[in-house]
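Asker: One structure, pasted below without further comment.
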Amino acid sequence: MRTHFRGELLTPGMPGYDAARRVRNARVDRRPALIARCTGSDDVIVALAHAREHRLPVAVRGGGANVAGWGTCDGGVVLDLGGMKRIDVDPHGRTAVAEPGLTWGEFDAATQQYGLALPGARNTGVGIAGHTLGGGVGDLSRQYGLTSDNVLFFDLVTADGRRVRADAQQNTELFWGLRGGGGNFGVVTRFGFRLHPVTTVVAGPLIHPAERVPEVLRRARDWLDQAPDEASLIAIVWTAPPLPWIPEHLHFERGAVLIPTWFGDPGRAEEIMAPLRTPAPAADAVAPMPYLAYQRLLQSPPNFAEQHVYNRGELLAELSDPTIDALVALWQSSGPNFSVVLGALGGAISRAPAGPTAYTHRDARWFAEICAQWYGAPDNPVHLAPAVTGRRALQHVTRGPYLNLLPDPEPAWVRAAYGDETYARLERLKQTWDPDNVFRFNANIPPRTEENT
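According to the numbering used here, the sequence shown holds residues 197 to 649 in order.
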């Protein structure tokens with residue numbers, strides 16, 4: 197393998213191995229037999245052949261940010277694509293061809309040179325690959341659809357080492373499945389994306405104290421019901437961290453922050469956002485800003501690699517008063533490491549601008565993310581229990597979990613993310629492209645066989 201592999205190979209005991217085996221969630225602590233840092237599709241083919249020859253399990257890592265820690269495994273081969281960061285932007289055609297090692301911060305920096313953007317993750321350290329394959333929600337999604345709705349093609353290496361392209365003309369069923377079906381069907385080595393003109397946005401935090409949280413969340417919900425697609429919003433109920441845009445006297449205070457975003461005519465921003473300013477916030481920093489500055493508002497903490505994380509997202513058709521009350525009550529009874537994030541959906545997502553894809557629950561208007569993030573013992577029940585309780589409390593109102601925020605690997609939850617009909621179609625697709633389930637370190641869809649028919 198060393199003769200034909202151009203990238204770096206790391207095995208236990210080598211310098212750099214311990215750092216390389218880690219993913220962003222410190223709860224996940226696995227030790228692969230080999231980490232293959234690929235430089236391109238040729239390296240992917242060589243590493244896959246090595247794994248097949250030695251009957252080793254295979255994990256694929258792009259940005260390594262998945263909350264379930266799918267980018268690593270015990271005793272197997274990790275295909276580390278983090279060094280594959282090439283991006284070519286066509287400003288006239290408004291397209292980009294990008295490799296899977298890019299993070300959203302790197303991708304946005306490249307496309308914003310031309311005033312272009314793609315609906316994507318709010319955290320700049322998240323990788324583009326897993327986010328796209330899981331559907332991909334972002335603040336631009338209400339205008340332009342999911343990240344996966346804006347994919348023009350996928351170039352991938354299959355389980356048996358072939359290079360394949362999937363797009364609207366060739367391998368169309370695979371193209372359908374890759375847009376929301378996760379990493380089940382191959383190793384994507386290049387994405388083709390459609391981009392959109394975005395430069396300056398009007399956005400920023402509206403910060404409210406704890407006693408106003410129920411009222412503020414109801415107002416945010418009612419605002420979104422009437423807002424144009426150019427508007428989006430995220431609401432966070434938390435203990436405020438010491439971020440630069442939070443006034444110092446509010447650091448570590450409990451409350452809510454609304455971050456509304458207006459991508460339309462800046463002259464209409466005051467009119468559009470006026471309903472969100474009643475009641476008057478304790479701090480108001482909504483202002484015009486470059487898109488890149490907006491994307492950097494919610495950064496990871498400096499020591500994120502040591503942080504244990506349980507974040508789970510549920511897709512909600514509506515945000516009812518009882519749901520708001522239940523989430524607020526859970527937050528009020530929990531410690532400072534627990535938070536709830538509510539994000540706006542709807543708009544173009546529900547219209548499926550690219551036609552049918554494997555992302556199922558397009559009628560959802562909100563996602564609710566239950567977040568527990570802490571240091572110390574990886575399964576400390578003080579921190580983990582409220583998050584699990586919050587996930588359970590949403591099961592009677594959820595359409596299903598959001599695949600990109602699914603820390604629970606049980607098959608029932610993966611099926612719930614798709615619904616029975618889409619799941620069965622994905623099983624058949626898996627049987628065609630990966631009948632041996634080589635790519636199983638993901639939100640796994642086993643091949644459809646007589647036993648699971």
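Virtual Cβ for every residue (Gly too), placed ideally from N, Cα, C.
Around the Cβ of Ala476, are there at least 16 other Cβ atoms within 10 angstroms (buried) or fewer (exposed)?
Answerer: Exposed.
Asker: Tyr506 to Ala568, Cα distance in whole Å?
Answerer: Spanning the two alpha carbons is a distance of roughly 5 Å.
Asker: For the candidate residues Leu515, Arg290, Val433, Ala247, whose alpha-carbon lies nearest to that of Arg390?
Answerer: The shortest Cα separation from Arg390 among Leu515, Arg290, Val433, Ala247 belongs to Arg290.
Asker: Can you tell which of Ala479, Ala465, Asp425 has its C-alpha closest to the C-alpha of His445?
Answerer: Out of Ala479, Ala465, Asp425, Ala479 has the C-alpha closest to the C-alpha of His445.
Asker: What are the boundary residues of the alpha helix (DSSP H) that includes Phe371?
Answerer: First-last of the alpha helix (DSSP H) with Phe371: 368 to 374.
Asker: May I have the straight-line CA-CA distance separating Ala501 from Ala216, to the nearest angstrom?
Answerer: Distance between the alpha carbons of Ala501 and Ala216 is about 12 Å.
Asker: Return the bridge partner residues of Trp458 from the DSSP annotation.
Answerer: Partner(s): Val398, Ala427.
Asker: Just verifying my parser: in three-state terms, what is the DSSP assignment at Leu599?
Answerer: If DSSP states are grouped into helix, strand and coil, Leu599 belongs with the helices.
Asker: How many angstroms separate the CA atom of His504 from the CA atom of His288?
Answerer: About 43 Å.
Asker: My parser needs the alpha helix (DSSP H) runs of 4 or more residues fully inside the stretch 429 to 488; what are they?
Answerer: For the stretch 429 to 488, whole alpha helix (DSSP H) runs of length 4 or above, ordered along the chain, are 465 to 469.
Asker: Taking Thr385 and Gly279 to be in contact with their CB atoms under 8 Å, please state how far apart those CB atoms are, rounded to whole angstroms.
Answerer: So it is not a contact: roughly 12 Å between Cβ atoms.
Asker: Could you spell out the range, first to last residue, of the beta strand (DSSP E) harbouring Phe387?
Answerer: Its beta strand (DSSP E) spans residues 383 to 390.
Asker: For the putative contact between Val453 and Ile520, defined by C-beta atoms under 8 Å, what is the C-beta separation to the nearest angstrom?
Answerer: Actually they do not touch by this definition, with Cβ atoms about 16 Å apart.
Asker: So is Asp632 buried or exposed if we call it buried at 16+ other beta carbons inside 10 Å?
Answerer: So Asp632 counts as exposed.
Asker: Reducing DSSP to helix, strand and coil, say where Glu514 ends up.
Answerer: It is coil, neither helix nor strand.
Asker: What is the residue span of the beta strand (DSSP E) that Phe563 lies within?
Answerer: Looking at the DSSP string, the run of the beta strand (DSSP E) that includes Phe563 is 562 to 570.
Asker: Out of Asn221, Ala583, Asp461, which has the shortest C-alpha to C-alpha gap to Asp572?
Answerer: Rather than Asp, the amino acid found at residue 572 in this sequence is Gly. Comparing Cα positions, the closest option is Asn221.
Asker: Count the other CB atoms, across all protein chains shown, that sit within 10 Å of the CB of Ala608; report buried if there are 16 or more and exposed otherwise.
Answerer: So Ala608 ends up on the exposed side.
Asker: Which residue comes first and which comes last in the beta strand (DSSP E) that contains Ile238?
Answerer: Correcting the residue type first, residue 238 is Asp in the shown sequence and not Ile. No beta strand (DSSP E) holds Asp238; the alpha helix (DSSP H) holding it covers 237 to 249.
Asker: Can you find at least 3 beta carbon pairs, one from the stretch 558 to 565 and one from the stretch 535 to 547, that sit closer than 8 Å?
Answerer: The stretch 558 to 565, when compared against the stretch 535 to 547, does touch it at the 8 Å Cβ threshold.
Asker: Starting from the C-beta of Gly451, find all residues in its chain whose C-beta is less than 7 Å away, skip the five residues before and the five after it, and write them out in chain order.
Answerer: The residues are Ile403, His404, Pro405, Ala406, Val409, Ala436.
Asker: Considering only their Cβ atoms, is the gap separating Thr307 from Gly321 smaller than 7 Å?
Answerer: Going by C-beta atoms, Gly321 is not nearer than 7 Å to Thr307.
Asker: Out of Gly460, Thr556, Glu510, which one is the CA nearest neighbour of Gln591?
Answerer: Of Gly460, Thr556, Glu510, the residue nearest in Cα terms is Glu510.
Asker: Could you check how far apart the C-beta atoms of Val347 and Thr354 are, in whole angstroms? I think they sit under 8 Å.
Answerer: Wrong, their Cβ atoms sit about 18 Å apart, outside the cutoff.
Asker: Could you give the residue range of the beta strand (DSSP E) that holds Glu407?
Answerer: Looking at the DSSP string, Glu407 is not in any beta strand (DSSP E), and its letter there is neither H nor E.
Asker: Let me know the secondary structure DSSP gives Asn507 once reduced to three states.
Answerer: Strand.
Asker: Here's the rule: buried if 16 or more other CB atoms are within 10 angstroms of the residue's CB, otherwise exposed. What is Thr553?
Answerer: With 16 or more Cβ atoms within 10 Å of its Cβ, Thr553 is classed as buried.
Asker: Spatial neighbours of Pro443 within its chain, please: C-beta separation below 7 Å, excluding the five flanking residues on both sides.
Answerer: Taken in chain order, the residues that qualify are Ala479.
Asker: What is the DSSP secondary structure of Ala292, counted as helix, strand or coil?
Answerer: Correct three-state label for Ala292: strand.
Asker: Three-state secondary structure (DSSP) at Thr307?
Answerer: It is helical.
Asker: Since Asp214 is in the alpha helix (DSSP H), which residue starts that stretch and which ends it?
Answerer: Segment 213 to 216, the alpha helix (DSSP H) holding Asp214.
Asker: Would you mind stating whether His392 and Tyr340 have Cβ atoms separated by less than 7 Å?
Answerer: Yes, these two residues count as a Cβ contact at 7 Å.
Asker: For Ala525, does the count of other Cβ atoms within 10 angstroms reach 16, so buried, or fall short, so exposed?
Answerer: With fewer than 16 Cβ atoms within 10 Å of its Cβ, Ala525 is classed as exposed.
Asker: If you follow the alpha helix (DSSP H) that Val584 is part of, which residue opens it and which one closes it?
Answerer: Unbroken alpha helix (DSSP H) run through Val584: 577 to 589.
Asker: Smallest Cα separation from Gly677: which of Ala427, Ala431, Asp335, Pro296?
Answerer: In the structure as shown, the chain starts at 197 and stops at 649, and residue 677 therefore has no counterpart that could be examined.
Asker: Secondary structure at Arg338, three-state DSSP: helix, strand or coil?
Answerer: Arg338: helix per DSSP, three-state reduction.
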